[in-house]
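Numbering (the working numbering), first residue to last: 72 to 389.
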Amino acid sequence: MLPEGLIFGGWPMGGWHWSNVDEKTVIRAAIVAAEAGITWFDTAPVYGFGMGEERLGRALKSIDSPVYIMTKFGLRWDTDGVPFFETTFNGQKRTVVRNLSPESIRNECEASLKRLKVDSIDLYQLHWNDDRTIFVDMAGVLVRLKEEGKIREWGVCNLNTGTLHLLVSAGLKPASLQFQYSLLNRKPEKSLIPYCRKHNIRFLAYSPLGRGLLTGNASTQRIFEPEDDRKYWKPEKVADINRKLTSLAPMAKQYDISIPALVLSWTLNQPGVSGVIAAARTPAQAAENAKAASVPLVPDDLSRISEWAGRTVSGFPS
Ligand SMILES: NC(=O)c1ccc[n+]([C@@H]2O[C@H](COP(=O)([O-])OP(=O)(O)OC[C@H]3O[C@@H](n4cnc5c(N)ncnc54)[C@H](OP(=O)(O)O)[C@@H]3O)[C@@H](O)[C@H]2O)c1
Numbered sequence: 072m073l074p075e076g077l078i079f080g081g082w083p084m085g086g087w088h089w090s091n092v093d094e095k096t097v098i099r100a101a102i103v104a105a106e107a108g109i110t111w112f113d114t115a116p117v118y119g120f121g122m123g124e125e126r127l128g129r130a131l132k133s134i135d136s137p138v139y140i141m142t143k144f145g146l147r148w149d150t151d152g153v154p155f156f157e158t159t160f161n162g163q164k165r166t167v168v169r170n171l172s173p174e175s176i177r178n179e180c181e182a183s184l185k186r187l188k189v190d191s192i193d194l195y196q197l198h199w200n201d202d203r204t205i206f207v208d209m210a211g212v213l214v215r216l217k218e219e220g221k222i223r224e225w226g227v228c229n230l231n232t233g234t235l236h237l238l239v240s241a242g243l244k245p246a247s248l249q250f251q252y253s254l255l256n257r258k259p260e261k262s263l264i265p266y267c268r269k270h271n272i273r274f275l276a277y278s279p280l281g282r283g284l285l286t287g288n289a290s291t292q293r294i295f296e297p298e299d300d301r302k303y304w305k306p307e308k309v310a311d312i313n314r315k316l317t318s319l320a321p322m323a324k325q326y327d328i329s330i331p332a333l334v335l336s337w338t339l340n341q342p343g344v345s346g347v348i349a350a351a352r353t354p355a356q357a358a359e360n361a362k363a364a365s366v367p368l369v370p371d372d373l374s375r376i377s378e379w380a381g382r383t384v385s386g387f388p389s
């Protein structure tokens, strides 16, 4: 079983880099997504430094339908490694390092299984490469974790076509690649998505709503919390995008969905895109977004949205 269709994005569940995150509300959002038919849930240890996985684990206790979990490895804050970035979480400074040693991957896997309270991770993904990784060693430990039943498949995130090709040509083909892709950022259409199609690697689009910028109702007045990078969004840029998105409103109305669901549906219908990972911070957002999975967007409308994006928002900094 590999991910496809609409996937629940679990970054906001951890709170880190987001605003107004309330524990009960984000857990409820995940439950509502499952009730609306979402079967795959994405998270990562670094999302809230363990908190995102723990909260997803709590949500899973209240979900009766079969669901599948994808999480990640490679970014650590509790051991040494190649320095990646400094950040703060709940006012506390953290240094995030990249560590892809087999020992670290195994330790991370055990820790994720505990936080998620599951016996196995359905898709285990390299979060960020460190340019020093010996892929054969990395793949070796992943194969062993698979044999032990601790993971079912492994994938990668954020690799460019050249690095992905290094893996593939070494006979270490991942099941999937996660990369940023949306109406705002269509660069992966040039080489990454075609490469994945050619090699049968599932392309999973992340940040399809531009972290909320592509919803049509991003507020120009909103005051983001200090650790939320969206505080750098310029109100005039948000207003401009909102204005441009109103031209999609008649089409959304015709399909009886909201603009975010229309945007997600376009993303889901792009050639070579296997899955779209969209986050929801509230149950209402989760329910709304889930509608995207069943919208029968006709080819003419897909072309209209693509053409609209080419003229207006593609390349807009997200
Ligand atoms: N592999 C990687 O390196 C990587 C990197 C980034 C993301 N990801 C994955 O991809 C997922 C999705 O990307 P993302 O979280 O960056 O952002 P996104 O899905 O583009 O945007 C999600 C945010 O948009 C707002 N939103 C969502 N639905 C809405 C609706 N119906 N109406 C109004 N606002 C809505 C919410 O923020 P507010 O309510 O706060 O406005 C929500 O938290 C992540 O959660 C994570 O699982 C992976």
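Backbone N, C-alpha and C define an ideal beta-carbon position, used for all residues, glycine too.
On a predicted model such as this, the values are computed, not experimentally measured, just so you know.
Heavy atom of ligand 1 within 7 angstroms of residue i beta-carbon
i: Gln-249; result: yes
i: His-198; result: yes
i: Arg-223; result: no
i: Cys-180; result: no
i: Gly-281; result: yes
i: Trp-82; result: yes
i: Trp-379; result: no
i: Gln-292; result: no
i: Ile-192; result: no
i: Tyr-195; result: no
i: Gln-356; result: yes
i: Glu-298; result: no
i: Asp-113; result: yes
i: Thr-286; result: yes
i: Ala-104; result: no
i: Asn-360; result: yes
i: Ser-329; result: yes
i: Tyr-326; result: no
i: Asn-313; result: no
i: Tyr-303; result: no
i: Ala-351; result: yes
i: Ile-264; result: no
i: Tyr-252; result: no
i: Cys-228; result: yes
i: Ile-176; result: no
i: Ile-205; result: no
i: Tyr-277; result: yes
i: Ser-385; result: no
i: Trp-337; result: no
i: Trp-148; result: no
i: Ile-98; result: no
i: Ile-348; result: yes
Distance CB(residue i)-CB(residue j) smaller than 8 angstroms
i: Leu-73; j: Arg-273; result: yes
i: Glu-124; j: Ser-183; result: yes
i: Leu-187; j: Ile-140; result: yes
i: Val-347; j: Ala-246; result: no
i: Arg-282; j: Arg-301; result: yes
i: Leu-333; j: Ala-349; result: no
i: Leu-263; j: Leu-284; result: no
i: Leu-280; j: Pro-354; result: no
i: Gly-211; j: Pro-173; result: yes
i: Glu-219; j: Pro-116; result: no
i: Glu-298; j: Phe-160; result: yes
i: Gly-343; j: Cys-228; result: no
i: Asp-113; j: Gly-80; result: yes
i: Ala-351; j: Gly-108; result: no
i: Ile-98; j: Ile-134; result: no
i: Thr-158; j: Val-168; result: no
i: Trp-225; j: Leu-237; result: no
i: Ala-100; j: Ala-361; result: no
i: Leu-398; j: Phe-206; result: This structure does not reach residue 398, given that the chain is present from 72 up to 389, and the question cannot be answered.
i: Val-239; j: Asp-201; result: no
i: Asn-340; j: Leu-368; result: yes
i: Ile-376; j: Trp-337; result: yes
i: Pro-306; j: Thr-291; result: yes
i: Ser-175; j: Thr-204; result: no
i: Val-366; j: Tyr-303; result: no
i: Thr-110; j: Pro-137; result: yes
i: Arg-223; j: Asp-193; result: yes
Closer than 7 angstroms: residue i CB and nearest ligand 2 heavy atom
i: Trp-89; result: Absent from the structure shown: ligand 2. Ligands present: ligand 1.
I'd like to know if the stretch 115 to 132 and the stretch 82 to 96 are in contact, where contact means that at least 3 CB-CB pairs between them fall below 8 angstroms. yes
In chain order, which alpha helix (DSSP H) runs of at least 4 residues are fully inside the stretch 164 to 200? 173 to 187
What are the uninterrupted segments assigned as beta strand (DSSP E) that are 3 or more residues long and contained completely in the stretch 244 to 275, given in chain order? 247 to 251
Considering only residues of the stretch 299 to 348, which uninterrupted alpha helix (DSSP H) runs meet the minimum length of 4 residues and lie entirely inside it, listed in chain order? 306 to 316, 320 to 325, 330 to 339
When the Cβ atoms of the stretch 192 to 200 are set against those of the stretch 136 to 150, are three or more pairs found closer than 8 angstroms? yes
Entirely within the stretch 97 to 154 and at least 3 residues each: give me those beta strand (DSSP E) ranges in chain order. 111 to 113, 139 to 144
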